[in-house]
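Everything on this sheet refers to the single structure shown next.
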Amino acid sequence: MHSAAPAAAATAALIVPVGNAVAATRATAAVPKKKVVVVTKTITGPEGSADRWGNIRVTLVVKKTTTTLGSKKTVKRRITNVRVPEYPNHTDRSVYINQQALPLLVEETLQLQFDMSKFQLVSGATDSSNAFASSLQSALLSAKKA
Amino acid sequence: MPDVGTSGIRRVEFVMGMPVVVDVRDELVEESDVDAVFDWLHFVDETFSTHKADSEINRLNRGELSLAAAQRDVRAVLHRCDELRSETNGFFDARFDGSTFDPSGLVKGWSVDRAAAILDGRGLRNYAVNAGGDIRLRGGALPDSRWRVGIQHPAVRDGVAAIIEGDNLAVATSGEYARGQHVLDPHTGTAPTGVLSVTITGPDLATADAYATAAFAMGAERGPHWTARLRGYEAMTILVDERVLSTPGFPRAEALPAACRA
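Taken in order, these protein sequences are the chains called A and B.
End of the first sequence = 244 in this note's numbering, gap-free, step of one.
End of the second sequence = 264 in this note's numbering, gap-free, step of one.
If you want it as structure tokens, here you go:
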């Protein structure tokens, strides 16, 4: 395990100068200065009345990215989370409306790759493939060492 | 299995056709506590297996045993299967041809819930039981104060699509990536389209597992909206285009990287 560490460090060291070179090229091309400001705000809406069905309150987490390039300013806003801390649920009918009308699902794009050392367990469909056998084997080995 | 703790007992056995990991982190845990869990799971296997000729389930299906004469646990499981069938509008269905029972889809989660109760009854408060990817956990992975569960990436072998965190939770995932397409829409007999996997979290593993199976069988149009209406259970659905739909309370450990545009 330890022999792998210097190799990884060497790779990282190679990447850094390349990054600097790109930055240097940009600087000499006299491109207008680019400034990016990212602000994340949590916005809780006022309590809204849904008539006799009760009250609704919605909380949004908004990520605001302001890019200034010379005199040109662009603002992008993205909703990164939606919560409904308060909603009508005192009758079956209002629960139904709540289910139909409110944004109860948060959408994102799968793009994460996690470090295997960050968790203790894996949840997934039962697998009878080779991966399953090898995972069992490694679990057994870990169990012996534990 | 990284992050092996120094205290506690961890054991893996092949039972009910899958590897079951029992990982207890309490210092006071004894081998007999873990024995009790595996004794229970082997008993469940003998009673409910559809692969063992003499199991009560097979004797029921052959008409050699009446439901009234079956063990109380068998009756309880079959009753819960019927409840879940109606709760899921028939998308979780343990009956074939209306008469033959295969309650395997419920038995796994149900037996793990009972295994957790065995550990609870022995005063243990920090444990995880993982039966072929369906998990019941409590307390923390000591010395960590909580358990962290990776959700298998449906398209990348050995990849993880999300991490969830909890100190008292059941986690079940249903997907097409493991045994081929083993979940069918019971109404049409065809495989659902558009969904790669559904993960459900909540207090009870048997229920979470049945909900995950049902939501997967419902497909991309209906499944996520159905999960949004579940009480006490949270869901994460991964679609074939790698979009992810989660209920707001899904217990993710990491912040969302991207989301719908404002």
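Don't be surprised by glycine CBs; every beta carbon is placed ideally from N, CA and C.
All values derive from a computational prediction rather than experimental measurement.
Taking only beta-carbon atoms, is residue i less than 7 Å away from chain A?
i                 : result
Trp-112 (chain B) : no
Ser-51 (chain B)  : no
Asp-5 (chain B)   : Reliability of the predicted coordinates at Asp-5 (chain B) is poor, the pLDDT of 43 falling under 50, and no value is obtained from them.
Val-22 (chain B)  : no
Leu-247 (chain B) : yes
Arg-150 (chain B) : yes
Leu-258 (chain B) : Residue confidence is low: Leu-258 (chain B) scores 44 on pLDDT, short of 50, so the model does not pin down where it sits. Its coordinate-derived value is still stated next. Interface residue, yes.
Ile-59 (chain B)  : no
Ile-202 (chain B) : no
Ala-230 (chain B) : yes
Ala-193 (chain B) : no
Val-173 (chain B) : yes
Pro-226 (chain B) : yes
Glu-163 (chain B) : In the sequence as presented, Glu is not what sits at residue 163 (chain B); that position holds Ala. Ala-163 (chain B) counts as touching chain A.
Gly-135 (chain B) : yes
Pro-170 (chain B) : As written in the sequence, residue 170 (chain B) is Asn, which differs from the Pro given in the question. Output row for Asn-170 (chain B): interface = no.
Gln-154 (chain B) : yes
Asn-128 (chain B) : no
Asn-91 (chain B)  : no
Pro-250 (chain B) : yes
Glu-244 (chain B) : yes
Report the option in the options whose CA atom is closest to the CA atom of residue i.
i                 : options                                       : result
Gly-92 (chain B)  : B:Phe-16, B:Leu-247 and B:Met-220             : B:Met-220
Trp-112 (chain B) : B:Arg-127, B:Val-131 and B:Gly-251            : B:Val-131
Val-136 (chain A) : A:Lys-170, A:Lys-174 and A:Gly-168            : A:Lys-174
Gly-16 (chain B)  : B:Gly-10, B:Ile-166 and B:Val-24              : Note on residue identity: the sequence assigns Phe, not Gly, to residue 16 (chain B). It is B:Val-24.
Pro-1 (chain B)   : B:Asp-95, B:Tyr-129 and B:Phe-252             : The structure shown has nothing for residue 1 (chain B), since chain B only spans 3 to 264.
Gly-141 (chain B) : B:Pro-21, B:Asp-28, B:Met-238 and B:Ala-119   : B:Asp-28
Thr-229 (chain B) : B:Asp-243, B:Val-242, B:Asp-75 and B:Ala-212  : B:Ala-212
Ser-248 (chain B) : A:Ser-169, A:Lys-133, A:Pro-130 and A:Leu-203 : A:Leu-203
Trp-149 (chain B) : B:Pro-253, B:Ile-11 and B:Phe-218             : B:Pro-253
Ala-1 (chain B)   : B:Trp-42, B:Leu-186 and B:Val-162             : Chain B is shown only over 3 to 264; residue 1 (chain B) falls outside these bounds and no answer can be derived.
Phe-172 (chain B) : B:Glu-66, B:Gly-196 and B:Ala-210             : First, the amino acid is wrong: residue 172 (chain B) is Ala here, not Phe. If we check each option's Cα against that of Ala-172 (chain B), B:Ala-210 comes out closest.
Check the DSSP bridge columns for residue i and list the partner residues they point to.
i                 : result
Trp-149 (chain B) : B:Gly-168
Met-20 (chain B)  : B:Val-17
Ile-202 (chain B) : B:Ala-174 and B:Ala-237
Gln-218 (chain A) : DSSP output for Gln-218 (chain A) lists no bridge partner at all.
Tyr-129 (chain B) : B:Val-26 and B:Arg-140
Val-158 (chain B) : The partner list for Val-158 (chain B) (beta bridge, DSSP) is empty, contrary to what the question assumes.
Val-136 (chain A) : A:Thr-163
Lys-171 (chain A) : A:Thr-166
For chain B, is any of its Cβ atoms less than 7 Å away from the one on residue i?
i                 : result
Thr-164 (chain A) : no
Thr-138 (chain A) : no
Val-173 (chain A) : no
Val-204 (chain A) : yes
Val-220 (chain A) : yes
Leu-208 (chain A) : yes
Gln-197 (chain A) : With a pLDDT of 48 at Gln-197 (chain A), under the threshold of 50, the modelled position of that residue is not reliable, and no figure is offered here.
Let me check you understand the geometry: is the CB of residue i closer than 6 Å to at least one non-hydrogen atom of the ligand GTP?
i                : result
Ala-70 (chain B) : Absence of the ligand GTP is noted for the structure shown, with no ligands found whatsoever.
Which residue comes first and which comes last in the beta strand (DSSP E) that contains residue i?
i                 : result
Thr-206 (chain A) : According to the sequence shown, residue 206 (chain A) is Glu rather than Thr. That run of the beta strand (DSSP E) goes 204-207.
Where does the unbroken alpha helix (DSSP H) through residue i begin, and where does it stop?
i                 : result
Arg-61 (chain B)  : 58-63
Ser-248 (chain B) : Not the alpha helix (DSSP H): Ser-248 (chain B) falls in the beta strand (DSSP E), residues 245-248.
Pro-226 (chain B) : 207-229
Thr-49 (chain B)  : 33-50
Fully enclosed by the segment 72-125 of chain B, which alpha helix (DSSP H) runs are 4 residues long or longer? If we require 4 residues or more, the alpha helix (DSSP H) runs fully inside the segment 72-125 of chain B come out as 74-89 and 106-123.
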